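Participant:
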Amino acid sequence: MTPTYYLVLSGVLFTIGTIGVLVRRNAIVVFMCIELMLNAVNLTLVTFSRINGGLDGQIMAFFVMVVAAAEVVVGLAIITSIFRTRRSASVDDSNLLKY
Amino acid sequence: MTTPASLPDIDYAGVAPVLIILGAACIGVLLEAFVPRSQRWAVQVVLSLLAIVVAAIALGAYLYTGPQNTSTFAGSIALDRPALFLWGTLLALGLGSILLIADRVVEPGGAFVAQAGIRPGTMLDKEQANRSSMQTEVFPLALFSLAGMMIFCSANDLLSMFVALEVLSLPLYLMCGLARRRRLLSQEAAVKYFLLGAFASAFFLYGVALLYGYANSVKLADIANAAGGTNRSDALLFLGMGLLLIGLLFKGSVGPFHTWTPDVYQGAPTPMTAFMGACTKVAAFGAILRVLMVAFGSTHWEWQTIMWVVAGISMLLGAILGITQTDVKRMIAYSSVAHAGFLLVGVLALDGSGIRATLFYLISYGFTTIAAFGVVSLVRDGTGESTSLSSWAGLGKRSPLLAGIFTFLLLALAGIPLTSGFVSKFVVFAAGMSAGITPLVVLGLIASTIAAFFYLRVIVLMYFSEPAADGPTVTLPGMYTTAAITLGTLVTLLLGVYPSFMLDWAGTGGFVV
Amino acid sequence: MTVSVYEEIAFWILGPLSLAGALGMLFSRSAVHSALWLVLTMLSLGVLYMVQDAPFLGIVQIIVYTGAIMMLFLFVLMLAGRESSDSVVEVLRGQRIWASLLGIGLAGLVVAGVARSLGDVTPAGLDNPAANGSGGPGNVANIGQSLFTRYLFPFELTSALLITAAIGAMVLAYTRKQAKGGKNRQREMVNMRFRENTRPGALPGPGVFATADSVATPALLPDGSIAKESLSRIIETTPVTQIEEDEALADRHPDAHALTGAARDGDDGASIVASPASEERSE
Numbered sequence: 000m001t002p003t004y005y006l007v008l009s010g011v012l013f014t015i016g017t018i019g020v021l022v023r024r025n026a027i028v029v030f031m032c033i034e035l036m037l038n039a040v041n042l043t044l045v046t047f048s049r050i051n052g053g054l055d056g057q058i059m060a061f062f063v064m065v066v067a068a069a070e071v072v073v074g075l076a077i078i079t080s081i082f083r084t085r086r087s088a089s090v091d092d093s094n095l096l097k098y
Numbered sequence: 000m001t002t003p004a005s006l007p008d009i010d011y012a013g014v015a016p017v018l019i020i021l022g023a024a025c026i027g028v029l030l031e032a033f034v035p036r037s038q039r040w041a042v043q044v045v046l047s048l049l050a051i052v053v054a055a056i057a058l059g060a061y062l063y064t065g066p067q068n069t070s071t072f073a074g075s076i077a078l079d080r081p082a083l084f085l086w087g088t089l090l091a092l093g094l095g096s097i098l099l100i101a102d103r104v105v106e107p108g109g110a111f112v113a114q115a116g117i118r119p120g121t122m123l124d125k126e127q128a129n130r131s132s133m134q135t136e137v138f139p140l141a142l143f144s145l146a147g148m149m150i151f152c153s154a155n156d157l158l159s160m161f162v163a164l165e166v167l168s169l170p171l172y173l174m175c176g177l178a179r180r181r182r183l184l185s186q187e188a189a190v191k192y193f194l195l196g197a198f199a200s201a202f203f204l205y206g207v208a209l210l211y212g213y214a215n216s217v218k219l220a221d222i223a224n225a226a227g228g229t230n231r232s233d234a235l236l237f238l239g240m241g242l243l244l245i246g247l248l249f250k251g252s253v254g255p256f257h258t259w260t261p262d263v264y265q266g267a268p269t270p271m272t273a274f275m276g277a278c279t280k281v282a283a284f285g286a287i288l289r290v291l292m293v294a295f296g297s298t299h300w301e302w303q304t305i306m307w308v309v310a311g312i313s314m315l316l317g318a319i320l321g322i323t324q325t326d327v328k329r330m331i332a333y334s335s336v337a338h339a340g341f342l343l344v345g346v347l348a349l350d351g352s353g354i355r356a357t358l359f360y361l362i363s364y365g366f367t368t369i370a371a372f373g374v375v376s377l378v379r380d381g382t383g384e385s386t387s388l389s390s391w392a393g394l395g396k397r398s399p400l401l402a403g404i405f406t407f408l409l410l411a412l413a414g415i416p417l418t419s420g421f422v423s424k425f426v427v428f429a430a431g432m433s434a435g436i437t438p439l440v441v442l443g444l445i446a447s448t449i450a451a452f453f454y455l456r457v458i459v460l461m462y463f464s465e466p467a468a469d470g471p472t473v474t475l476p477g478m479y480t481t482a483a484i485t486l487g488t489l490v491t492l493l494l495g496v497y498p499s500f501m502l503d504w505a506g507t508g509g510f511v512v
Numbered sequence: 000m001t002v003s004v005y006e007e008i009a010f011w012i013l014g015p016l017s018l019a020g021a022l023g024m025l026f027s028r029s030a031v032h033s034a035l036w037l038v039l040t041m042l043s044l045g046v047l048y049m050v051q052d053a054p055f056l057g058i059v060q061i062i063v064y065t066g067a068i069m070m071l072f073l074f075v076l077m078l079a080g081r082e083s084s085d086s087v088v089e090v091l092r093g094q095r096i097w098a099s100l101l102g103i104g105l106a107g108l109v110v111a112g113v114a115r116s117l118g119d120v121t122p123a124g125l126d127n128p129a130a131n132g133s134g135g136p137g138n139v140a141n142i143g144q145s146l147f148t149r150y151l152f153p154f155e156l157t158s159a160l161l162i163t164a165a166i167g168a169m170v171l172a173y174t175r176k177q178a179k180g181g182k183n184r185q186r187e188m189v190n191m192r193f194r195e196n197t198r199p200g201a202l203p204g205p206g207v208f209a210t211a212d213s214v215a216t217p218a219l220l221p222d223g224s225i226a227k228e229s230l231s232r233i234i235e236t237t238p239v240t241q242i243e244e245d246e247a248l249a250d251r252h253p254d255a256h257a258l259t260g261a262a263r264d265g266d267d268g269a270s271i272v273a274s275p276a277s278e279e280r281s282e
């Protein structure tokens, strides 16, 4: 086994997140799928940090976590505000804007 | 055993414009806490406008006295000529947007909601729609976003670029949902923009991670060096680059990654649409230009065909889908997708004339967009803005001045001579021709012709059809909106008649490595 | 190069666990279950970071991601929880198949690319002093030193992000309802009710002759007819036809000896109570 296994694992996790964003209908679950994608990125960064022999990857992963925390606050605030109006968090119900 | 850490060299004079904007945003937040509610609007407007002017002065001083082509903060921020030009562009466009945001005459109380926490459709909400106050947090948020954009187009490593991307995006997501009228539409736009934006930034980030694995660094110059000689396979480089570009092209609303654009442009409060349409485009294309030229310039033979295809798709999609639109804001949104394709032609020239053409295009397009959305915000009926195209019929008879200005702006978007749009298309296509991407230029000309059709359709509608009896009225704009529209229109005219000084400024130098 | 046997054991336990968590999140219908599956993934990833010479990140992953972010998700889900399960109806036809194909394509691309370029790479590891930087031994000290030197600018920039997040949440959530001139307080409500002088007292409950305690059961007047004001519109399960029938019934028996005026001209006694419900329905 080599560290490449970790990279494969993170690639698969990233893909599952992507599929989730495309197929799930609940805005909060879609957002969770995006969080999974970010986690997969972090695993890639940590593994590359080890392969390359430098701490840069770990520091970037740290930044990703900080950014994700801020993003979650804003995102959940927006989703909650539309939920209070609609009583629904499904992205299909958000259909006023159409062409 | 630890050695003391030493701070990197910081060129404070160089980054002063960014620091001033960020500092003003922080002061704005404090003012929210300490200034009485009735005075907040005035104080915030003065602070924001003052910050932009002072930042512009600092930028001008640095341009005359500072060294050329350096970078600061341990190489995180590039202070080269394109970056400084883009900062100037962003500050000027930011000034116009703040003027639009500040207006309280067109819509009593401003285009932003008085209290975003109140549920739309309730009694309290109906009451607040007529209240003459607004959520003044919009001003510091806009300043944060502006600072993020400035950093985004001058970031010389991918990590700073990512953090700047989020700094510019988060306030935009928030402000999209704060419209005073049609709040459901506005909130929906915010949710869509947020989910798709976060999705795109995840792709951006995975690209960054793979490039880090490839080059053992996220500095753009190191990536370019690594592409020259490394034992890693290029699969990592191109996968990483592809994912990175998905994130960037999304922000620039290019080609097949534009799906958010029409919905968000339509749902967001109109001043915010102007801000997004003008400034985000500048920031995104500044970053695309830098990434493609500095980090991937040496390998362009491998990827440029794909980018040509993307540019072509963007032009055609924007032009063709624009024809079918029945809403003015959506129409301008699709036109911005087409313009993103034209801009990519300049970027893909990948040389000095390409940089010059793209920078010129960005500044002229930005001013035209701000003025156009300023005009859109004036045409109103009882429920707010009347953006449906059919209600614009006969506007030329009802308000000749407004219709005249809008006609001029549409002609600029279409690229008719004597407007800045013509010059910018000309320089972009000329740069493309000299770089040998003739097929793309021909496609660009075809797309321009198709796009001209839907601009002309609006003009015909305004002048050659009878106004509807219950049509919208044209509100008399207040001082701020008048200033923004005048600024945008004059710059559009000036750059169309006498473009050479701006072209000289835009062409003064390349990127620092 | 191969890794130590302990690491191999850890990977083959935690890797499948994290995959299971991700798949569980993808396939569970209930959003709360999805969140809990995702917590499993994040916890396993945190341990995997520690295995890979990143103890600081591992701890932060557990504290920040599972401790703060996922708990925030769960809070919001509980607030929004009424219909947090997904429908299985496809709105765009064939969307799932296309999304899955796209996903498998992406996975194939990424995995093949990574495996090809790094199949036999030798990891440099993080034990050597050159990799660790000048901060001496210890992961945290070195990360801290890099943050304040090479990554100073992005680090300072994150403060803008945090301020934005704080303001954003307050803008979207805070209302001045409780302040003066906002929502009415109880004393003002009482004064208003007496000033209007329509019905200061409570509305009739189910009543002694009712067959059930439920609010859905209309109150009966002494003559056996239905007190119209007791018909509750607040119960969403009451079908509209039922209300109409009941009202018609109440109107058919006008009774002079009733305790309350059953049919005051068109006044709907339930309106005070029912206002939140009717608001919702009208939206």
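Chains A, B and C supply the protein sequences, listed in that same order. Residue numbers for the first sequence, in numbering that gives the first Met the number 0: 0 to 98. Residue numbers for the second sequence, in numbering that gives the first Met the number 0: 0 to 512. Residue numbers for the third sequence, in numbering that gives the first Met the number 0: 0 to 282. Beta carbons are placed, not taken as given, at the ideal position from N, Cα and C, and that holds for glycine. For clarity, every value in this text was computed on a predicted model and none was experimentally measured.
Can you confirm whether the region 389-403 of chain B touches the region 343-356 of chain B when touching is taken to mean that 3 or more C-beta pairs between the two stretches lie within less than 8 Å?
Facilitator: With a cut-off of 8 Å, the region 389-403 of chain B and the region 343-356 of chain B do not count as touching, because too few Cβ pairs lie within range.
Participant: Do LEU29/B and ALA54/B come within 8 Å of each other at the CB atom, strictly closer than that value?
Facilitator: In this structure, LEU29/B does not lie closer than 8 Å to ALA54/B by Cβ.
Participant: Hey, would you say PRO337/B sits closer than 8 Å to ALA451/B, going by beta carbons?
Facilitator: Reading off the sequence shown, one finds Ala at residue 337/B, where the question assumed Pro. No, the Cβ-Cβ distance between ALA337/B and ALA451/B is not below 8 Å.
Participant: Give a yes or no on whether the minimum CB-CB distance between ILE58/A and chain C is below 8 Å.
Facilitator: Chain C, which has a Cβ nearer than 8 Å to the Cβ of ILE58/A, makes this yes.
Participant: Pop quiz: SER75/B and SER116/C are said to be a contact at Cβ under 8 Å. What is the actual Cβ separation, rounded to whole angstroms?
Facilitator: About 28 Å separates the two Cβ atoms, so there is no contact after all.
Participant: Taking the alpha helix (DSSP H) that THR14/A belongs to, which residues open and close that run?
Facilitator: Here the alpha helix (DSSP H) through THR14/A covers 3-22.
Participant: Can you pull the chain C residues whose beta carbon is under 9 Å from the beta carbon of ALA73/B, in chain order?
Facilitator: Under the 9 Å cutoff, chain C gives THR148, ARG149, TYR150, LEU151, PHE152.
Participant: Tell me, please, whether the CB atom of LEU194/B is closer than 8 Å to any CB atom in chain A?
Facilitator: Judged by the 8 Å Cβ criterion, LEU194/B is in contact with chain A.
Participant: Where does THR71/B sit, in a helix, a strand or coil, going by DSSP?
Facilitator: Of the three classes helix, strand and coil, the one that applies to THR71/B here is strand, per DSSP.
Participant: Can you check whether the C-beta of ILE322/B is within less than 8 Å of a C-beta belonging to chain C?
Facilitator: With 8 Å as the cut-off, ILE322/B does not count as an interface residue toward chain C.
Participant: Which residue wins for smallest C-alpha separation from TYR172/B, given the options PHE274/B, PRO255/B, ALA154/B?
Facilitator: Among PHE274/B, PRO255/B, ALA154/B, the Cα nearest to that of TYR172/B belongs to PHE274/B.
Participant: Interface residues of chain A around SER216/B at Cβ under 8 Å?
Facilitator: Near SER216/B (Cβ distances below 8 Å), the residues of chain A are ASP55.
Participant: Confirm, please, whether the CB-CB distance from GLY373/B to THR480/B is below 8 Å.
Facilitator: The answer is yes: Cβ separation under 8 Å.
Participant: Under 7 Å Cβ-Cβ, which residues of chain C neighbour GLY116/B?
Facilitator: Under the 7 Å cutoff, chain C gives LEU171, ALA172, TYR173, THR174.
Participant: In angstroms, rounded to a whole number, what distance separates the CA positions of LEU98/B and SER47/B?
Facilitator: Their backbone Cα atoms lie some 10 Å apart in a straight line.
Participant: Measure the C-alpha to C-alpha separation of LEU475/B and THR279/B and round it to an integer number of angstroms.
Facilitator: Distance between the alpha carbons of LEU475/B and THR279/B is about 29 Å.
Participant: Taking ILE404/B as part of the alpha helix (DSSP H), name the residues at either end of that continuous run.
Facilitator: Taken as a continuous stretch (DSSP letters only), the alpha helix (DSSP H) holding ILE404/B covers 399-413.
Participant: In terms of alpha-carbon separation, which member of LEU486/B, LEU493/B, LEU377/B lies closest to LEU401/B?
Facilitator: The shortest Cα separation from LEU401/B among LEU486/B, LEU493/B, LEU377/B belongs to LEU377/B.
Participant: What number of angstroms, rounded off, separates the C-alpha of GLY487/B from the C-alpha of ALA50/B?
Facilitator: For GLY487/B and ALA50/B, the distance between alpha carbons rounds to 20 Å.
Participant: Does the beta-carbon of VAL105/B have 16 or more other beta-carbons within 10 angstroms, so that it is buried, or is it exposed?
Facilitator: Flag for VAL105/B reads buried.
Participant: Based on the DSSP output, what are the partners of GLY383/B in its beta bridges?
Facilitator: GLY383/B pairs with ASP380/B.
Participant: With a threshold of 8 Å between beta-carbons, can ALA261/C be considered close to chain B, or not?
Facilitator: Here ALA261/C scores only 43 on pLDDT, less than 50, and its place in the model is too uncertain to base an answer on.
Participant: Can you pull the chain A neighbours of GLU155/C, defined as C-beta to C-beta under 9 Å?
Facilitator: Per Cβ cutoff of 9 Å: no residues; GLU155/C is ~12 Å from chain A at best.
Participant: Of all the CB atoms in chain A, is at least one closer than 8 Å to the CB of LEU39/C?
Facilitator: Cβ-Cβ to chain A under 8 Å: no for LEU39/C.
Participant: From the beta carbon of ILE27/A, is the nearest beta carbon of chain C less than 8 Å away?
Facilitator: It does; some Cβ of chain C falls within 8 Å.
Participant: Does the region 199-210 of chain B touch the region 108-124 of chain B, meaning 3 or more C-beta pairs lie closer than 8 Å?
Facilitator: Because the criterion of three Cβ pairs below 8 Å is not met, the region 108-124 of chain B and the region 199-210 of chain B do not touch.
Participant: What residues from chain F crowd round GLU136/B, counting only those whose CB sits closer than 9 Å?
Facilitator: Protein chains in the displayed structure are A, B and C, and chain F is not among them.
Participant: Strictly below 7 Å CB to CB, what residues from chain B border GLY112/C?
Facilitator: Within 7 Å Cβ-Cβ: ALA234, LEU235, LEU238.
Participant: Return the Cβ separation of ARG180/B and GLY470/B in integer angstroms, given the expectation that the two are a contact with Cβ distance under 8 Å.
Facilitator: Not really, about 18 Å apart at Cβ, beyond 8 Å.
Participant: Does DSSP put ILE9/B in a helix, in a strand, or in coil?
Facilitator: In this structure, ILE9/B counts as coil in the three-state DSSP scheme.
Participant: So, helix, strand or coil for ALA188/B, using DSSP?
Facilitator: Helix.
Participant: So what does DSSP say about ALA332/B, is it helix, strand or coil?
Facilitator: Helix.
Participant: Taking the Cβ atom as the reference point for each residue, do LEU177/B and SER144/B lie within a distance shorter than 8 Å?
Facilitator: Against a cut-off of 8 Å, the Cβ pair of SER144/B and LEU177/B comes out as no contact.
Participant: Can you give me the C-alpha to C-alpha distance between SER27/C and ILE12/C, rounded to a whole angstrom?
Facilitator: So the alpha carbons of these two residues sit roughly 22 Å apart.
Participant: Which residues in chain B sit within 8 Å of ALA69/A, going by Cβ to Cβ distance?
Facilitator: The answer, in chain order, is GLU165, LEU169.
Participant: If you measure from the beta carbon of GLU278/C to each beta carbon in chain A, is any gap under 8 Å?
Facilitator: Residue placement at GLU278/C is poorly supported in this model, since its pLDDT is 38, which falls under 50; the coordinates are not used for a value here.
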